[in-house]
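Novice: The numbers in my numbering rise by one with no breaks, and the one at position 408 of the sequence shown is 430. Glycine is no exception: its CB is placed at the ideal position from the N, C-alpha and C atoms. Since the model is a prediction, treat every value here as computed from it, not as a measurement. Below: one structure in structure tokens.
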Amino acid sequence: MKLSDPQYRVLVSEAEWVGYGGAAGSGKSHIVTLDMLRHCQGPHANPMFRGLIMRRTYPQLTKSGALLDHCREMYRPYGAIYNHTRNEFEFPCGAKIALGSCQFEKNLEDYQGAQLDALAIDEATQWPLKFVQYLWGRARSKSGVKPRMKLSMNPDNDSWLYRFLYWWISTETGLPIPERSGVIRHFRYVEPEFHWYDEPQYQVSAETGEPECVTTSATFIGATLRDNTHLMQSDPAYRQRLEQMSEDDRDRFLNGCWLASSKTGAEWDRELFTNVYIPLEKFPVPKHANDIVRMFCVDPSKGRSVKKGDYSAIVCMAQTSELAYVDADLKRRSPSEIIEDLFLFCDQEHHRIRSGDLIGIESTQFQSIFRDLIMNYAANHLDYALSKYLMSGGIIIPVEDMLKKEMRIRRGLDKRLTQREFRFLENPGTTLLLQQIKQFDGIPGVGKHDDGPDALAMCTQLPRYEQEYWENLRKEK
């Protein structure tokens, strides 16, 4: 079968992580099964090569027409024998390609000790980031083949992949940016953010004293059904069937739009979040007194938990006469890191805190200690803008709203979202905030991350909280 141009570019890409796909019918499964074949036959056959192709659940591998059938059809002409017990294909040269699944976190233990030259994750939007990171950690080669990973995907705005791919995806249309397709960038993950660079980054190893690369190369290559001429010819009615799906699914599977979501029941319509990102140069900076008021709010978590801890949210909302501009920093972090990051956040040039701005912090239960921690840090770090703000008479407004969090979020965000009054600075932290807003369904539950929306809702109510603070002080007197 003749490859499409996007499929060919996936095969020749030098990136360690290659994301491919977008729309349905773009030949994603075909390319992840074909990619490893180069090491299993022909002049480059490597008897030590070990590859692994993954789907999230075992039925997704074995049902009729799924990956197992596709691999049998592709690999048998090259003499591969399928071992049902080990769920792998062994080629005459000795190379092996296994099929695997990992539905639950406990299943990750099945891959402990594995050594992989190549990893492919089909439908990667169904996978938690932690699972992908763990499997990538099993990529270590004995064959001399440099480990690489292919990630096929359909768009899903609620997946971690939307944040991962945001440089390659237009925030206005949700579609891949053609001129960036296949461009290689380099990332380093510092939870919960990907830090991106145009070039690989190096640090001197404490063990060897030599520079070593501390980043991973990655790229994304978008494709749609139009690129797969073979399928268009063999099944011309396939496009018509996609057009008959629901609007949200049609946007995802036919158009390849990353603004669409797999989830239903969210509080706010996805259409409200189109064309809401702005670049840094459009974030408003005060020109004279009272033309812009910035509200800074902090929603601290109970501490760092890599597995399922809450995010600590630091949010700035710059309110003009027409719109509210939002920047955010969301991370899982310890109390000391919250304080340090808050001072750094308030020191950024585009929203450096000044007299006339307001800053508040949720102060119920354990969170009440943070006001004292902030004041102590300011006394010992006088050069920060927040330190100067506090030393000149500014206050940290305690937010002690007893209303349930879901109601606070609705009260603060519903009107502004439905009237499209927010604009969000285009960066990873604010992208995560917007993702949490999109996922908000108003139903309480364990493991739901709504700290970002709660902090933004606090920003919208901060003048009221300030008034309540002064009224309570007068009553105490």
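Opposite ALA562 in the DSSP bridges: which residues?
Specialist: Summary: the structure shown does not reach residue 562, with the chain confined to residues 23 through 499, and so no result is reported for it.
Novice: Quick one, are the C-beta atoms of ILE381 and CYS279 less than 9 Å apart?
Specialist: No, the Cβ-Cβ distance between ILE381 and CYS279 is not below 9 Å.
Novice: Cutting at 7 Å between CB atoms, please list the residues of its own chain near LYS329, excluding the five before and the five after it.
Specialist: Unreliable positioning characterises LYS329 in this predicted model, as indicated by a pLDDT of 47, which lies under 50. The coordinate reading is nonetheless provided below. Once the five neighbours on either side are set aside, LYS329 has no close Cβ partner at all.
Novice: Only counting the same chain, and skipping five residues up and downstream in sequence, which positions put a Cβ closer than 7 Å to that of PRO466?
Specialist: For PRO466, where only same-chain residues beyond five positions count, the Cβ hits under 7 Å are GLU428.
Novice: According to the Cβ coordinates, are GLY122 and LEU74 closer than 9 Å?
Specialist: Yes, Cβ-Cβ distance for GLY122 and LEU74 is below 9 Å.
Novice: Suppose you measure from the CA of THR246 to the CA of SER358; what does that come to, to the nearest Å?
Specialist: Cα to Cα, THR246 sits roughly 47 Å from SER358.
Novice: So, under 8 Å CB-CB, LYS353 and SER174 are touching, yes? Tell me the CB distance rounded to an integer number of Å.
Specialist: Wrong, their Cβ atoms sit about 29 Å apart, outside the cutoff.
Novice: Rounded to the nearest angstrom, what separates SER35 and HIS403 at their Cα positions?
Specialist: For SER35 and HIS403, the distance between alpha carbons rounds to 47 Å.
Novice: From GLU195 to THR296, what distance separates their C-alpha atoms?
Specialist: Reading off the sequence, residue 195 comes out as Thr, not Glu. Computed Cα separation, rounded: 7 Å.
Novice: Thinking C-beta only, is VAL337 closer than 9 Å to ASP321?
Specialist: The answer is yes: Cβ separation under 9 Å.
Novice: Does GLN441 pass the burial test, meaning 16 or more other C-beta atoms within 10 Å, or should it be called exposed?
Specialist: By the neighbour-count rule (16 or more Cβ atoms within 10 Å), GLN441 is not buried but exposed.
Novice: Does the segment 167-182 come close enough to the segment 96-106 that 3 or more CB-CB pairs lie under 8 Å?
Specialist: Cβ pair count under 8 Å is below three, so no.
Novice: When we look at the beta-carbon of ILE391 and count the other beta-carbons within 10 Å, is it buried (16 or more) or exposed?
Specialist: ILE391 is exposed by the Cβ-count criterion.
Novice: Please classify GLU289: does DSSP put it in a helix, a strand, or coil?
Specialist: In the structure shown, GLU289 sits in coil (DSSP, three-state: anything other than H, G, I, E or B).
Novice: Would ILE143 be called buried (16 or more neighbouring beta carbons within 10 Å of its own) or exposed?
Specialist: With 16 or more Cβ atoms within 10 Å of its Cβ, ILE143 is classed as buried.
Novice: Give me the residue from LEU454, LEU484, PRO450 and TYR487 with the minimum Cα distance to HIS217.
Specialist: Ranking LEU454, LEU484, PRO450 and TYR487 by Cα distance to HIS217 puts PRO450 first.
Novice: In three-state terms, what does DSSP make of THR237?
Specialist: Coil, per DSSP.
Novice: Throw me the rounded Cβ distance for the THR482 and GLY434 pair, which I believe falls under 8 Å.
Specialist: About 4 Å; that satisfies the 8 Å criterion.
Novice: By the 10 Å Cβ neighbour count, where 16 or more other Cβ atoms means buried, how is PRO4 classified, buried or exposed?
Specialist: What is shown of the chain runs 23 to 499, which leaves residue 4 out entirely.
Novice: At the level of alpha carbons, what is the spacing between ARG160 and CYS235?
Specialist: Approximately 18 Å between the Cα atoms of the pair.
Novice: In the DSSP assignment, what residue or residues form a beta bridge with LYS118?
Specialist: Note: LYS118 sits in a beta bridge opposite ARG72 and GLU112.
Novice: If you measure between the beta carbons of LYS164 and ASP139, is that distance less than 9 Å?
Specialist: Cβ atoms of LYS164 and ASP139: closer than 9 Å.
Novice: Whole-angstrom Cβ separation of ALA350 and ALA335, contact assumed at under 8 Å?
Specialist: Yes, they are in contact, since the Cβ atoms of ALA350 and ALA335 sit about 7 Å apart, within 8 Å.
Novice: Keeping to the same chain, check which residues put their C-beta closer than 7 Å to that of ARG486; ignore five residues upstream and five downstream.
Specialist: Excluding positions up to five away in sequence, the list is empty.
Novice: Between THR237 and ARG210, which are expected to be in contact by the criterion C-beta below 8 Å, what is the C-beta distance as a whole number of angstroms?
Specialist: Their Cβ separation, rounded to whole angstroms, is 5 Å, which keeps THR237 and ARG210 in contact under 8 Å.
Novice: Taking DSSP's pairing of strands, which residues face ILE383 in a bridge?
Specialist: Answer is VAL320 and PRO420, bridged to ILE383.
Novice: Mind the definition here: the segment 54-69 touches the segment 103-119 only if three or more C-beta pairs lie below 8 Å; say whether that holds.
Specialist: Contact holds: three or more Cβ-Cβ distances are below 8 Å.
Novice: From the DSSP output, in three-state form, read off ASN494 for me.
Specialist: Correct three-state label for ASN494: helix.
Novice: Can you tell me where the beta strand (DSSP E) holding ILE360 begins and where it ends?
Specialist: Counting along the chain, ILE360 falls outside any beta strand (DSSP E), though it belongs to the alpha helix (DSSP H) covering 357-367.
Novice: State the Cα-Cα distance for the pair LYS460 and ASP271, rounded to the nearest angstrom.
Specialist: Whole-angstrom Cα-Cα distance: 16 Å.
Novice: Work out the CA separation of ARG108 and MET76 for me, nearest whole Å.
Specialist: Those two C-alpha atoms are separated by around 14 Å.
Novice: Per DSSP, what are the beta-bridge partners of ASN250 in this structure?
Specialist: Paired residue(s): none; ASN250 is not in a bridge.
Novice: Excluding the five sequence neighbours on either side, which residues of its own chain have a C-beta within less than 6 Å of the C-beta of ILE103, listed in chain order?
Specialist: Here the set comprises GLU112.
Novice: Enumerate in chain order the residues of its own chain whose CB-to-CB distance from ARG430 is below 7 Å, with the five nearest sequence positions on each side excluded.
Specialist: Result list for ARG430: ASP423, ASP476 and ALA479, in chain order.
Novice: From LYS304 to GLU38, what distance separates their C-alpha atoms?
Specialist: So the alpha carbons of these two residues sit roughly 34 Å apart.
Novice: Would you mind giving the Cβ-Cβ distance between ASP473 and ASP332, rounded to the nearest angstrom? I have them listed as a contact below 8 Å.
Specialist: Between ASP332 and ASP473 the Cβ distance is about 6 Å, and since that is below 8 Å, they are a contact.
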